[in-house]
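In my numbering, the protein residues as written are 1 to 121.
Presented below is the structure to which this report refers.
Structure representation (structure tokens):
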């Protein structure tokens, strides 16, 4: 919602994951979306409530945390692309695109208004 902060988002993700005895990767983050696809600000998936940029109506960004059954430290394999946790624990990653509205947020990749489904087929 407008007035919340990026730190609130990161804290909510981290707090939920840690209550499940999981960890959150710190080396990768979500991002703003504008005229440039990977735009600022960076959206951390861990943090402290009340810190960071305040959310404003009209902001669009992704959250895309990686949640692990083990530790959060990662390494990139020799192919230069594949990321794994250093302890090789099981991990899952997902992504949502969020838009801040005057009365909250809308998750465009999982919308109750059907915006997550293409208009064909």
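Just so you know, even glycine gets a beta-carbon here, dropped at the ideal spot from N, CA and C.
The model shown is predicted, which means the values in this text are computed figures rather than measured ones.
Residue state for residue 18 is assigned as helix, using DSSP reduced to three classes. One thing to note: residue 25 has its Cβ no nearer than 7 Å to the Cβ of residue 84. Rounded to whole angstroms, residue 46 and residue 103 show a C-alpha spacing of 24 Å. Sequence-distant partners of residue 93 (beyond 5 residues in either direction) whose C-beta falls short of 6 Å from its own C-beta, in its chain, are 66. The DSSP assignment places 30-32, 39-43, 60-63, 66-68 as complete runs of the beta strand (DSSP E) inside the stretch 25-71, in order along the chain (cut-off: 3 residues).
If you look at residue 75, you'll find it in the beta strand (DSSP E) that goes 74-76.
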